[in-house]
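Heads up: the structure comes next, in structure tokens.
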Amino acid sequence: MSDSQANTNEPPETPANADEGDWLLAARITDDRPASDEKVKTISRQQIDAGEDFAIEVLLADRVIAVFRHAGSWYAIDGMCSHQGGPLADGVVRDGCVTCPWHGWQYDLATGIQLINRQPLQESFTIRQLADRIEIRLT
Numbered sequence: 185m186s187d188s189q190a191n192t193n194e195p196p197e198t199p200a201n202a203d204e205g206d207w208l209l210a211a212r213i214t215d216d217r218p219a220s221d222e223k224v225k226t227i228s229r230q231q232i233d234a235g236e237d238f239a240i241e242v243l244l245a246d247r248v249i250a251v252f253r254h255a256g257s258w259y260a261i262d263g264m265c266s267h268q269g270g271p272l273a274d275g276v277v278r279d280g281c282v283t284c285p286w287h288g289w290q291y292d293l294a295t296g297i298q299l300i301n302r303q304p305l306q307e308s309f310t311i312r313q314l315a316d317r318i319e320i321r322l323t
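The opening residue of the sequence shown carries number 185 in our numbering; numbering runs sequentially from there.
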């Protein structure tokens with residue numbers, strides 16, 4: 185796992201040297217039905233507890249971010265495919281990679297590396313779950 189990606193099954197402790205101002209709220213986990221019309225996206229606690237894989241698209245600091253829950257871990261990468269801007273959160277996820285729904289480009293969820301040319305074309309972000317919050321560090 186790279187330093188830029190924190191993926192664990194359990195919500196991590198906040199590092200003592202972490203600047204809490206660097207983390208942005210990406211989504212809230214709720215017992216209620218997820219709402220798509222809220223400013224902050226919501227995720228069903230049932231989906232997480234059941235171990236379901238899913239993806240959502242969020243807007244943070246004017247950036248589109250694709251947030252994935254896959255195989256029990258959280259991932260966050262640039263949400264627009266570097267090929268032609270396809271919505272990666274709408275893509276198919278399998279074996280730790282997402283396939284863009286528009287033209288089939290594939291990216292590793294943890295690193296953003298494009299799987300054909302092995303170049304890091306999608307920026308990846310550190311993501312964490314703290315209690316009922318999903319937070320992302322953009323820097």
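The C-beta atom is built at its ideal place from N, Cα and C for all residues, glycine as well.
Quick check on Phe238: does DSSP put it in helix, strand or coil?
Correct three-state label for Phe238: strand.
Indicate the three-state DSSP secondary structure (helix, strand or coil) for Arg317 in the structure shown.
Strand, per DSSP.
CB of Asp262 within 7 Å of CB of Glu307, strictly
The Cβ atoms of Asp262 and Glu307 sit closer than 7 Å to each other.
Neighbour-count burial assignment, Leu243, 16 or more Cβ in a 10 Å radius:
By the neighbour-count criterion, in which a residue is buried when 16 or more other Cβ atoms sit within 10 angstroms of its Cβ, Leu243 is exposed.
Assumed close pair Ser257, Leu305 - CB separation to whole angstroms, cut-off 8 Å
Not a contact, Cβ separation roughly 21 Å.
Proximal residues to Asp292 (C-beta, below 6 Å), its chain only, five neighbours per side dropped:
Within the same chain, Cβ atoms closer than 6 Å to the Cβ of Asp292 are found at Cys281, the five residues on either side in sequence being excluded.
Considering only DSSP beta bridges, list what His287 is partnered with.
None, per the DSSP bridge assignment.
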